[in-house]
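Here is the structure we will look at, set down as structure tokens.
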Amino acid sequence: MRIVTIAAVAALGLTAMACESKTEKAQEATAQSADAANQAAAAAQAAQDAANATADASAAGTADAKKAAGDAAEAAGKSAEEAGDAAKKAADKAKDAAH
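Numbering of the sequence shown is given in the numbering used here, commencing with residue 71 and proceeding in unit increments.
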């Protein structure tokens, strides 16, 4: 009987540890998802800035305006890439938390 009791207590301890680990993983996944959302918002703003710069370049027609539009488009591309990386990390964390 004593062995059964010890085994039951050990099983409860392992279960509690497993639940705590899943909770921590879920919290990490939530934080990663929030970061990905922030990155996506930044990418959307960068894309809007690029669109505005392109419209300005089209209206102005100057070399400086065209360069500014190109620079804004490059920044938007980098921001979108960072958002994609953050989304992948969030997905990986969510998968990890689910298992």
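Cβ atoms here follow ideal geometry from the backbone N, Cα and C, with glycine treated the same way.
- Assignment of T132 by DSSP, reduced to helix, strand and coil, places it in the coil class.
- The C-beta distance from A146 to A107 rounds to 18 Å, too long to fall under 8 Å, and the pair is not in contact.
- The Cβ neighbour count for S91, taken over all protein chains shown within 10 Å, is under 16; the residue is labelled exposed.
- Counting C-beta pairs with one atom in each stretch, the region 93-108 and the region 151-160 have three or more that are closer than 8 Å, which means they touch.
- When H169, A123, A168 and A114 are compared, the shortest CA-CA separation from A139 is found for A123.
- Taking Q109 as reference, the option from K163, A168, E151 and D166 with the minimal CA-CA separation is E151.
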